[in-house]
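Some notes on the structure that comes next.
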DNA sequence: ATTGTTTGGTTTATATTATAAACTACTTTA
DNA sequence: TAAAGTAGTTTATAATATAAACCAAACAAT
């Protein structure tokens, strides 16, 4: 009856990150950190997990002399997010 | 921007249990076990957590000679579920 | 020019959580 | 009455999340 929820997305911080990235072309590490309220360490770990899964890309560039980590959602990431939302619907609308 | 998600509800099994209980007056342990596909041990632990939080009641009765554990959602549980769904919405509809 | 401070992270240790294996107790069936 | 099934609980372990500690470069002050 209840299909399993993608454990990679069923995590508050990773879900917030994906949610943020869906709306934008790309986002910088400090911006994501600020928007999610996460600590840098936690965010670093969770971005790694999403990148390893192929849900996002993490590009290390420079902004002038300073390092700049740019994150973007991948097509697979978008697909996984949509599937997650669809699956979750069965948990949230019990009457339907 | 992202409000915290009730950690008690942001768990696959506990969310499934709550979802089940919303539709019914009460449900027996074996029924919940079957519907969620959980192991008895895991279910027992998670029901305890929901009961401790006051989200459900767990009543130990008998059905003839056999023990029968009946679970029901409480008004606080229903409220918490609704709040959770509302909060989650911000994570799921990033464009809105 | 060296010292301290900020920025931008990563690594790692710890706390929390989920999960299943092992166990208990009682009932039914052979 | 022995074996098997039902209905769970307890407990040990695996997985996960999280923050503390750390690192490196850049910038600012003395």
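Residue numbers (the working numbering), protein chains in the order written: chain A, 91 to 186; chain B, 91 to 186.
Yeah, the Cβ is synthetic: ideal placement off N, Cα and C, and Gly gets one too.
Please read these numbers as outputs of a predicted model, since none were measured by experiment.
Residue i versus residue j - alpha carbon distance
i                      : j                      : result
residue 126 of chain B : residue 105 of chain A : 23 Å
residue 95 of chain B  : residue 124 of chain B : 27 Å
residue 173 of chain A : residue 153 of chain B : 41 Å
residue 177 of chain A : residue 93 of chain A  : 7 Å
residue 147 of chain B : residue 164 of chain B : 7 Å
residue 149 of chain B : residue 121 of chain A : 49 Å
residue 129 of chain B : residue 166 of chain B : 26 Å
residue 101 of chain B : residue 113 of chain A : 26 Å
residue 183 of chain B : residue 168 of chain A : 13 Å
residue 137 of chain A : residue 132 of chain B : 30 Å
residue 109 of chain A : residue 175 of chain B : 16 Å
Status (buried if at least 16 other CB within 10 Å, exposed otherwise) for residue i
i                      : result
residue 161 of chain A : buried
residue 116 of chain B : exposed
residue 107 of chain B : buried
Residue-chain proximity (residue i, chain A), Cβ-Cβ < 9 Å
i                      : result
residue 125 of chain B : yes
residue 165 of chain B : no
residue 117 of chain B : no
residue 146 of chain B : no
residue 162 of chain B : no
residue 120 of chain B : no
residue 92 of chain B  : yes
Neighbourhood of residue i by C-beta, 7 Å cutoff - its chain only, sequence neighbours within 5 removed
i                      : result
residue 151 of chain A : 158 and 160
residue 118 of chain B : 158, 159 and 160
residue 111 of chain B : 117, 146, 161, 162 and 163
Same chain only: Cβ atoms within 8 Å of residue i, ignoring 5 sequence neighbours per side
i                      : result
residue 98 of chain A  : 104, 139, 140, 143, 145 and 170
residue 181 of chain B : 92 and 95
residue 156 of chain A : none
Cutoff 9 Å: residue i Cβ touching any chain B Cβ
i                      : result
residue 175 of chain A : yes
residue 134 of chain A : no
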